[in-house]
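The block underneath contains the structure these notes are about, expressed in structure tokens.
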Amino acid sequence: MEQVLRVMKGYSWTIVMYGVGQPVAYLFAMGVGLATLVDANSTSAFGGVSYLVFIAPALLVSASVMTAANEFTFPVMDGFKWRRVFYGPHASPLTPSQIASGHAMAITLRFVVQSALYFVVVAIFGASPSGWGWVSVLVATLAGLSFGLPLMAYSASIKEDKGQFAMVMRFIVMPLFLFSGTFFPLDTLPLVVRWVGWISPIWHGTELGRVFSYGYEEPPLLTIFHVVFLVTLAIVGWILTKRQFEKRMAS
Amino acid sequence: MSTSVRWVPELVSKEKASSLPPRSDRKDADEYVISAQNLSKTYGDVTAVDDISFNVPAGEAFGLLGPNGAGKSTTMKMIGGVSQRTSGQLTIMGLDPDQHGPEVRAHLGVVPQQDNLDEELRVRDNLLVYGRYFGLPMSYLRPKADELLEFAQLTDKAKSKVDALSGGMKRRLTIARSLINEPRILLLDEPTTGLDPQARHILWDRLFRLKEQGVTLILTTHYMDEAEQLCDRLIVVDKGKIMAEGSPASLIREYSTREVLELRFGSERNTTIGAELEGIGERIETLPDRVLIYAEDGEAALEQVSARGLHPLTSLVRRSSLEDVFLRLTGRSLVD
Numbered sequence: 070m071e072q073v074l075r076v077m078k079g080y081s082w083t084i085v086m087y088g089v090g091q092p093v094a095y096l097f098a099m100g101v102g103l104a105t106l107v108d109a110n111s112t113s114a115f116g117g118v119s120y121l122v123f124i125a126p127a128l129l130v131s132a133s134v135m136t137a138a139n140e141f142t143f144p145v146m147d148g149f150k151w152r153r154v155f156y157g158p159h160a161s162p163l164t165p166s167q168i169a170s171g172h173a174m175a176i177t178l179r180f181v182v183q184s185a186l187y188f189v190v191v192a193i194f195g196a197s198p199s200g201w202g203w204v205s206v207l208v209a210t211l212a213g214l215s216f217g218l219p220l221m222a223y224s225a226s227i228k229e230d231k232g233q234f235a236m237v238m239r240f241i242v243m244p245l246f247l248f249s250g251t252f253f254p255l256d257t258l259p260l261v262v263r264w265v266g267w268i269s270p271i272w273h274g275t276e277l278g279r280v281f282s283y284g285y286e287e288p289p290l291l292t293i294f295h296v297v298f299l300v301t302l303a304i305v306g307w308i309l310t311k312r313q314f315e316k317r318m319a320s
Numbered sequence: 002m003s004t005s006v007r008w009v010p011e012l013v014s015k016e017k018a019s020s021l022p023p024r025s026d027r028k029d030a031d032e033y034v035i036s037a038q039n040l041s042k043t044y045g046d047v048t049a050v051d052d053i054s055f056n057v058p059a060g061e062a063f064g065l066l067g068p069n070g071a072g073k074s075t076t077m078k079m080i081g082g083v084s085q086r087t088s089g090q091l092t093i094m095g096l097d098p099d100q101h102g103p104e105v106r107a108h109l110g111v112v113p114q115q116d117n118l119d120e121e122l123r124v125r126d127n128l129l130v131y132g133r134y135f136g137l138p139m140s141y142l143r144p145k146a147d148e149l150l151e152f153a154q155l156t157d158k159a160k161s162k163v164d165a166l167s168g169g170m171k172r173r174l175t176i177a178r179s180l181i182n183e184p185r186i187l188l189l190d191e192p193t194t195g196l197d198p199q200a201r202h203i204l205w206d207r208l209f210r211l212k213e214q215g216v217t218l219i220l221t222t223h224y225m226d227e228a229e230q231l232c233d234r235l236i237v238v239d240k241g242k243i244m245a246e247g248s249p250a251s252l253i254r255e256y257s258t259r260e261v262l263e264l265r266f267g268s269e270r271n272t273t274i275g276a277e278l279e280g281i282g283e284r285i286e287t288l289p290d291r292v293l294i295y296a297e298d299g300e301a302a303l304e305q306v307s308a309r310g311l312h313p314l315t316s317l318v319r320r321s322s323l324e325d326v327f328l329r330l331t332g333r334s335l336v337d
């Protein structure tokens, strides 16, 4: 019964979610528009695939992480402080961790729907040559959670909005987006900034997405490491979130 | 008013109860839907609720009256099973809310101090979604939501967005929402704060109806008229402690005189005139803006004031209220 409850709570959130189509427009602009210039040069830097194929999984993962940066910040603050929507279900039999999971599940659903739509467009453009391309939808969802859940724990700990979320966008999300091998392979970057990619869920997700969408070649151990890295971040994030919700709501 | 008749037997039972030592055996917990013994809550160094004890039998309208920061809301949160107590005993329908939070909350309706409606959903959907939190099936919720909208006089607003409602309507919707699970106990934290007089009266009427249906009402308020209107019995709380307990009428009888003479001599003289009024009435309370003379007969007291050659700018004789009780108990006004 609790499970159904949480899912229903999820639906209530999805009602307010809109703009799923927006990331698709992004793909058109970057992946198709910019690609004509890049491909005119040479495709060798991108492992022999077209720029569109190279960039499609990266944009997919990046869009998930961007969504996470939005959905796991202000709405969490809203739930605790502004419109206090978490306190409505708090008076019901639901527990704080169920409320947290309801929020997280609703956003997970959004990741899946958004990524799936995205992938359909990518597939129509023939930008996912491998038959395993659809797995990148799950990769993008995982990447979104691995970035989003630790962020959710942080958001739940904030009592006053002093512009922390704008800082997160500017100094965490944007650098991750730019230096995660999204638009060019990570190893073209100098070592001083390459570490950004190594700790970035976007890079791990992107590389994983490339493996599935066009059979990008990397050591199998590294592929496993990508998965372990993303799953670990998500689990740690979830544990912290759960603890934070319980602490804040029991006081 | 007919309510004053009802208070008399309450007074008797209260006196009987106070002559007995507080018990915490199982029988007590069964008799009362809410039982608190030596309940305390501290936040760091701050003691919000300080060793309070009270029992509420089923069907009673029980009030917590006190100024802002007295610990009313904290007590409500502990009863509501959303805030853990620091020490003491608390049972809600025989269950400890710290141990059985979800079970306790399943039987409660909660109207929080601040509305936390889902503003992006429509009025009726707010009720349906809230019902889902209780695990209630849609087949039950659809007719129930319509019934509650009718009760809250919001039927024609069913499809409106919550943003578009007035403050009074939002409050009524919050109350309707709290009734979705047919609670046996309804917790109302300052239900009418911020509402205009007309909206308050509509709300009070709705709460009276619930009481008639046998719902136990627990409400906090810092409005004495609200407490007098709605509560069978109340506790006056200040700084986390219980100052007095009883029905509104018995508290007034016990801690105040029948009538009060309010005199205004202007802000300069109010504070100095006390000595000249000495001996009139039973007790004199000097406030910055007025002087209160507590007397059985207010008019007679006013005549004595005139006989001493004192001429206040304004004078008013009124019945004692819970405000006077609070002033007597704490030396402070309820609403600053």
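Sequences listed follow chains A and B, in order.
The first sequence begins at 70 in the numbering used here and counts up one residue at a time.
The second sequence begins at 2 in the numbering used here and counts up one residue at a time.
Every residue gets a Cβ at the ideal spot worked out from N, C-alpha and C, and that includes glycine.
### Listed by chain order, chain A residues near residue 115 of chain B by CB distance under 7 Å
153
### Message
Can you confirm whether residue 159 of chain A, when its beta carbon is compared against all beta carbons of chain C, has any partner nearer than 7 Å?
### Response
The structure shown contains no chain C; the protein chains it does contain are A and B.
### Query
Mind checking residue 44 of chain B: buried by the 16 CB within 10 Å criterion, or exposed?
exposed
### Query
Residues of chain A with a CB under 7 Å from the CB of residue 86 of chain B: which are they?
Within 7 Å Cβ-Cβ: nothing; residue 86 of chain B doesn't reach chain A, min ~11 Å.
### Query
Can you check whether the CB of residue 131 of chain A is closer than 7 Å to the CB of residue 246 of chain A?
yes
### Task
Could you tell me whether the Cβ of residue 327 of chain B comes closer than 7 Å to any Cβ of chain A?
no
### Query
Does DSSP put residue 38 of chain B in a helix, in a strand, or in coil?
strand
### Task
Taking residue 315 of chain B as the reference, give the member of B/283, B/332, B/304, B/265 with the closest Cα.
B/265
### C-beta contact flag for residue 149 of chain B and residue 180 of chain B at 7 Å
yes
### Query
On the three-state DSSP scale, how would you describe residue 272 of chain B?
coil
### Task
State the start and end residues of the unbroken alpha helix (DSSP H) segment that holds residue 166 of chain A.
165 to 193
### Query
In chain order, what residues of the same chain have a beta carbon less than 7 Å from the beta carbon of residue 311 of chain A, not counting five sequence neighbours either side?
166, 169
### Any C-beta of chain A under 7 Å from that of residue 112 of chain B
no
### Residues in the segment 171 to 199 of chain A having any Cβ partner in chain B nearer than 8 Å
none
### Task
Leaving aside the five residues before and after residue 144 of chain A along the sequence, list all residues of the same chain whose C-beta is less than 8 Å from its C-beta, in chain order.
172
### Query
Given that residue 318 of chain A touches chain B, what residues does it touch there, using C-beta distances under 9 Å?
83, 84
### Task
Starting from the Cα of residue 112 of chain B, find the closest Cα among B/77, B/100, B/136, B/135 and give me that residue.
B/77
### Query
In terms of residue numbering, what span does the beta strand (DSSP E) encompassing residue 186 of chain B cover?
186 to 190
### Task
Tell me whether residue 141 of chain B sits in a helix, a strand or coil according to DSSP, three-state version.
helix
### Task
Quick one: list the residues of chain B neighbouring residue 156 of chain A, beta-carbon separation under 7 Å, in chain order.
113, 117
### Task
Have a look at residue 121 of chain B and residue 131 of chain B and give me their C-alpha separation to the nearest angstrom.
14 Å
#### Entry: Proximity winner among A/226, A/228, A/315, A/213, relative to residue 129 of chain A (alpha-carbon distances)
A/213
### Message
Can you give me the C-alpha to C-alpha distance between residue 306 of chain A and residue 204 of chain B, rounded to a whole angstrom?
### Response
44 Å
### Task
Could you check the C-alpha separation between residue 193 of chain A and residue 121 of chain A for me, to the nearest Å?
12 Å
### Query
Does the separation of the CB atoms of residue 162 of chain A and residue 98 of chain B fall below 7 Å?
no
### Task
Mind listing the chain A neighbours of residue 107 of chain B? Cutoff is C-beta to C-beta under 7 Å, in chain order.
162
### Counterpart residues of residue 58 of chain B in DSSP-defined beta bridges
B/33
### Message
Need the endpoints of the beta strand (DSSP E) that residue 171 of chain B sits in, please.
### Response
Element bounds for residue 171 of chain B: not the beta strand (DSSP E) but the alpha helix (DSSP H), 168 to 179.
#### Entry: Endpoints, the beta strand (DSSP E) within which residue 90 of chain B is located
88 to 93
### Query
Does the Cβ of residue 21 of chain B have 16 or more other Cβ atoms within 10 Å, making it buried, or fewer, making it exposed?
Confidence is the limiting factor: at residue 21 of chain B the pLDDT is only 40, short of 50, which leaves the residue's position unreliable, though a coordinate-based value still follows. Exposed: under 16 other Cβ atoms inside 10 Å.
### Message
Which residue marks the beginning of the alpha helix (DSSP H) containing residue 162 of chain B, and which one marks its end?
### Response
Careful: residue 162 of chain B lies outside any alpha helix (DSSP H) and carries neither H nor E.
### Query
Quick one: what's got a C-beta closer than 6 Å to residue 340 of chain B's C-beta in the same chain, skipping five residues either side?
What the structure shows of chain B is the stretch from 2 to 337, and residue 340 of chain B is not part of that stretch, so it cannot be assessed.
### Query
Does the beta carbon of residue 134 of chain B come closer than 7 Å to any beta carbon on chain A?
yes
### Message
Taking only three categories from DSSP, how would you classify residue 227 of chain A?
### Response
coil
### Residue nearest to residue 257 of chain B in terms of C-alpha spacing, selected from B/329, B/91, B/278, B/213
B/329
### Task
Give the DSSP-derived three-state secondary structure of residue 243 of chain B in the structure shown.
strand
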